[in-house]
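Report on the following structure.
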Amino acid sequence: MPRAKIQNSKFKIQNSSSRTSYENPLTDRYGSPEMSYIFSPQFKFSTWRKLWLALAQAEHALGLPISKKQIAQLARFTEDINFGAAEAKEKEIRHDVMSHVHAYGLQAPAAKGIIHLGATSAYVTDNTELIQIRAGLQLVRKKIVNVVAALAGFAEEHRELPTLAYTHFQAAQPTTVGKRACLWIQDLLLDLADIEQVEETLPFLGVKGTTGTQASFLELFGGNIKKVQRLEQIVAKSMGFSRVLAVSGQTYTRKLDFRALSTLCGVAQSAHKFANDLRLLAHMKEIEEPFEKGQVGSSAMAYKRNPMRAERMTGLSRHVIALLLDPAMTAAEQWFERTLDDSSNRRIAVAEAFLTTDVVLETYLNVSQKLVVYPAVIAAHLAAEMPFMATENLLMEAVKRGGDRQELHEKIRVHSQAAAREVKERGRPNDLLDRIRGDTTFRKVHTLVDTITDPQKYVGLAAEQTRTFLKTEVNPVLSANRKLLGLQGIVHV
């Protein structure tokens, strides 16, 4: 539409209205308040101020001329941020860090001359981002633990319920519903281990200076190397880090972003696989996601119960998987001690990866706590395929009773194909066992035909594997993380 028509339209755009601006569904529609807060301006800029306070406290402790009054003023305003002053200053000087240094100084005038002393922008930006990543990983870990707990309960409840298993999405030997759930759990346990490893080893950038040499701090402390090293240790400890990067440029290596987002990508893969399995199961009417009493499945087809939540999980998981390319390329693109092409990309990619993973896990938790199982449908599908699966056991029993294995195998092949044609071409029931009953070649096993199709005879160790897996693999993890348990999954419309 031409600009003139927009301006003359009866509809007047008001910049202050949220209805006329793009809204990010990750925060406005789906996301949890906890993850949104971690990547909020309040969290970010209050962490900047805590870092400036920690730096001033450490410099004071090591003998620099910084007074307790200055430190007290800084401490008073770590959470009370004058955003308006910072935003106004940034419009003037086009530098976000210096704008907030200025705004902080307005509130703590006695300390304005020592805020950010010796530091470069990456001191607050990068250390804050590492703190955000750590907090984000902790929240993701909490939600995975709760999903695992929900699936473990489901697996235990249905560990003996036979169900048709599939390879290539073609009917294969039966398994149990509980055993299949263990496959979903196993993926999440691998993700959980990766997250814990990255979280526990995540380092602090520390107090490194413009090119990572700490030259400015060495100058501040008159060449005293031990004080510079001690400064970094004090600040890191005050921010909750036990490890500090031994070497860096101005920024921390962007490989750390890739490592963190790789774990989220793993979670997305696991969630996507579960959600796709659930969508297929819903199509077969065997297992469904929860469906609320007043929920509408389709605007046109009132009878439908579309797997909306599972579909949301696959769509958002795909976004997390795709986002992994951003930190990979950013890490590869860095020049020498730093370049600024990373900043704009990372503002979007890192936050969105965490926010999206959070939504996926919120949905996963909601679905896994309320899965609906239809045993009668599961049994019917098994019954339709069991004649084919029973033939291997019939073959072995017939051979044991003196039959010719090759002759029997050929007979089963011919009867199986004929029965399959009846099912596929004419839509008739599977009559394979009737054909075998009528074949004198199998006369010695005719009495077994009616009992050999019991699905429990074909699930192998599925129930025992489920019991053992829950006992030896899952329960220890849940016990170790019991303080994280108790979440209820919430799905936002």
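In terms of our numbering, the sequence shown opens at residue 54 and continues consecutively. The C-beta atom is built at its ideal place from N, Cα and C for all residues, glycine as well. Being a predicted model, the structure only gives us computed values, none of them experimental.
Between R488 and H468, the C-beta spacing is below 7 Å. When Cβ pairs closer than 8 Å are counted between the two stretches, the region 190–203 is seen not to touch the region 216–235, the count staying below three. Among the bridge pairs identified by DSSP, E341 is matched with V425. Cβ-Cβ distances below 8 Å link I374 to C318, A321, Q322 and H325 in the same chain, with the five nearest sequence neighbours on each side left out; the list follows chain order.
Taking the Cα of K308 as reference, the smallest distance to any Cα among L183, P508, E445 and I124 is reached at L183.
Under DSSP, the beta-bridge partners assigned to Y219 are A224.
Around W101, the same chain offers H153, V177 and T181 as residues with beta carbons nearer than 7 Å, after the five sequence neighbours per side are excluded. Annotated as proximal: V403 and D310, with beta-carbon spacing under 7 Å.
When the beta-carbon positions are compared, T416 and R479 stay at least 7 Å from each other. Between the alpha carbons of T367 and T521 lies a gap of roughly 30 Å. Under the DSSP definition of a beta bridge, F257 partners with V297. As summarised for the region 361–407, the continuous alpha helix (DSSP H) elements at least 4 residues long and confined to that stretch are 361–376 and 378–386, given in chain order. Residue nearest to G171 within the set V430, S295 and L271 is L271 (criterion: CA-CA distance). Taken in chain order, the complete alpha helix (DSSP H) segments of 4 residues or longer contained in the region 115–163 are 121–129, 136–146 and 149–160. Check the Cα spacing between E213 and each of T228, A205, K165 and G206: the tightest is with T228. Its chain contains S89 as the residues whose beta carbon lies nearer than 6 Å to that of T80, once the 5 sequence neighbours on both sides are disregarded; these appear in chain order. At least 7 Å separates the beta-carbon of A205 from that of V430. Nearest to K280 by alpha-carbon distance, out of R129, L258 and A114, is A114. Within the same chain, Cβ atoms closer than 7 Å to the Cβ of A107 are found at V288, S291 and M292, the five residues on either side in sequence being excluded. By the Cβ rule, the region 140–158 does not count as touching the region 254–263, because fewer than three pairs are nearer than 8 Å. L376 is positioned such that its CB atom lies no closer than 7 Å to that of F207. When secondary structure is reduced to three states using DSSP, T304 falls in the coil class, being assigned neither helix nor strand.
In the three-state scheme derived from DSSP, where H, G and I count as helix and E and B as strand, T504 is classed as coil. Going by beta carbons, L192 and H434 fall outside the 7 Å limit. Around A175, the same chain offers Q303 and T304 as residues with beta carbons nearer than 6 Å, after the five sequence neighbours per side are excluded. As a beta-bridge residue in DSSP terms, T229 pairs with P215.
Taking the Cα of E438 as reference, the smallest distance to any Cα among E76, A141 and P508 is reached at P508.
A363 is not a Cβ neighbour of L334, given a cutoff of 7 Å. If you ignore the 5 residues before and after S421, its C-beta comes within less than 6 Å of the C-beta of V200, A203 and L204, all in its own chain and listed in chain order.
In the structure shown, H169 falls within a coil segment according to DSSP collapsed to helix, strand and coil. Boundaries of the alpha helix (DSSP H) around E517: A515 to F522.
H336 is classed as exposed because its beta carbon has fewer than 16 other beta carbons within 10 Å across all chains shown.
Q185 is positioned such that its CB atom lies closer than 7 Å to that of I91. About 56 Å separates the beta carbon of S301 from that of K338, a gap too long to meet the 8 Å contact definition. When the five nearest sequence neighbours on each side are left out, the beta carbons in the same chain lying within less than 8 Å of the beta carbon of R454 are those of K497 and V498, in order along the chain.
In terms of Cα proximity to K195, the closest of L159, F96 and L245 is L245.
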